[in-house]
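Numbering-wise (this note's numbering), the sequence shown opens with residue 11 and increments by one. Encoded as structure tokens, the structure appears first; notes follow it.
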Amino acid sequence: MMLFGRDLAIDLGTTSVLLATKSKGVILREPSVVAMDKNTGRLLKIGMAAQKMLGRTPGNIVAILPMKAGVISDYEMTERMLREMVRKVTSFSLLKPRIVISVPSGITEVEERAVIDAGMQAGARRVYLMEAPMAAAIGAGLDITNPDGHMVVDIGGGTTDVAVLSLSGVVESDSIKIAGDSFNDAIVRYIRKKHNVLIGDNTAEELKRQIGCVFPRPDTVAVDIKGRCLMTGLPRVVSISSTEILEAFEEVSERILEMILHVLEETPPELVADISQNGIVLTGGGSLLWGFDKLIETRTNIPTRIADDAELCVAFGLSKSLAWVGDMHEGTLNISRRKQLKN
């Protein structure tokens, strides 16, 4: 799909990048991975093709994850990755697109500048930033324009963002660098410690998707996985149950719960009363872990639900915000509590 001079929305995540437009919605979704030749510095693959190379590359080829904990860890690779992705969905135009990019709520000014510069180098004529929980709330269909409190918990790949929203603004928010990838790491550590077997990130991801849970399941399920035995160095098959995964996830899920409770403690009482009525909305891929809504509801006594298309909520919200970009003159747009940032 080629677009001519259209404004773009980019959900720049730790594990995946989504590109969307106001009229078409999400038009591209690729893993945040870049493969390059170390000897020549040549970019070989991006996205899904590069992800398949993780852990399987020869000495001269390296697969890089340029995003870490929701922010840019390798600026050059992020810029090249974005440039290739933008080129995939746009055609030559004298008028470069304006781009809205999502950022964690706890991002620093230096990290903001890196995102803006990467967007400009990728081909934007102007870059706007929007906090992920604000975009997620809009994408989930919440009406945040009224003087009514809403709480959104966005559990992504590298960060979890919690925000209380009212009157189109963020009243209280917090961000923690613990999210979907942290659950994968917890699985790897647990299986290594308990079964003396080492598994890779891809296996941990599959295990998380199949039987991962943060609240006790009605019925225990189990799957067999293959890994390398740390005692013999040989391949070994072990059976992992959902009860074991629940135990492995306990520390990570507790950290996320603590942040949610902290934000509630800092929120004005009138808005807390609104939230208790409106409920808590979960977005992001991490929220799809079995029982996350039940766990939060049990600990907070506040109704909790998972948004429709939770993984795409941020991208949907960003694409809707493109209408504000188009309707306003450059220099007048103010998204969330962030000032518009110019090149």
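Glycine included, each C-beta is placed from N, C-alpha and C at the ideal position.
- Between the region 179-197 and the region 212-223, the count of C-beta pairs closer than 8 Å reaches three or more; the two stretches touch.
- Residue burial is scored here from C-beta neighbours: Thr230 has fewer than 16 other C-beta atoms within 10 angstroms and is therefore classed as exposed.
- Checking the DSSP bridge columns, you'll see Cys239 partnered with Val207.
- Shortest Cα-Cα distance from Phe193 to any of Leu177, Thr169, Ala283 involves Thr169.
- In this structure Leu298 does not touch Val36 by the C-beta definition: roughly 17 Å separates them, more than the 8 Å allowed.
- Under a 10 Å Cβ-count criterion, Asp318 is classified as exposed, with fewer than 16 other Cβ atoms of the shown protein chains found around its own Cβ.
- Positions of the beta strand (DSSP E) runs, each at least 3 residues long and wholly inside the region 270-350, are given as 290-293, 314-316 in order along the chain.
- In this structure, Thr31 keeps its C-beta atom at 8 Å or more from the C-beta atom of Leu281.
- Asp17 and Leu54 have their C-alpha atoms some 27 Å from each other.
- Among the bridge pairs identified by DSSP, Lys55 is matched with Ala45.
- Around the beta carbon of Ser249, a 10 Å sphere encloses fewer than 16 other beta carbons of the protein chains shown; the residue is thus reported as exposed.
- Ala147 is positioned such that its CB atom lies closer than 8 Å to that of Leu175.
- In its chain, beyond the 5 residues on either side, Ser112, Val324, Gly327, Leu328 have a beta carbon closer than 6 Å to the beta carbon of Ala145.
- Taking the CA atoms as reference points, Pro143 sits about 33 Å from Met46.
- Taking a cut-off of 8 Å on C-beta distances, the region 150-165 does not touch the region 117-128, as fewer than three cross pairs fall below it.
- Sequence-distant partners of Met58 (beyond 5 residues in either direction) whose C-beta falls short of 7 Å from its own C-beta, in its chain, are Glu40, Pro41.
- As DSSP reads the structure, Lys78 sits in a beta bridge with Val81.
- Residue pairing of Leu175 in beta bridges, as defined by DSSP: His160, Val180.
- For the region 83-139, the full-length alpha helix (DSSP H) segments reaching 4 residues or more read 85-99, 119-131 along the chain.
- Residue environment for Pro76: buried (at least 16 other C-beta atoms within 10 angstroms of its C-beta).
- Ile154 carries a coil assignment under DSSP once its states are collapsed to helix, strand and coil.
- One alpha carbon belongs to Gln131, the other to Arg93, and they sit about 7 Å apart.
- In this structure, the beta-carbon distance from Ala128 to Thr88 falls below 8 Å.
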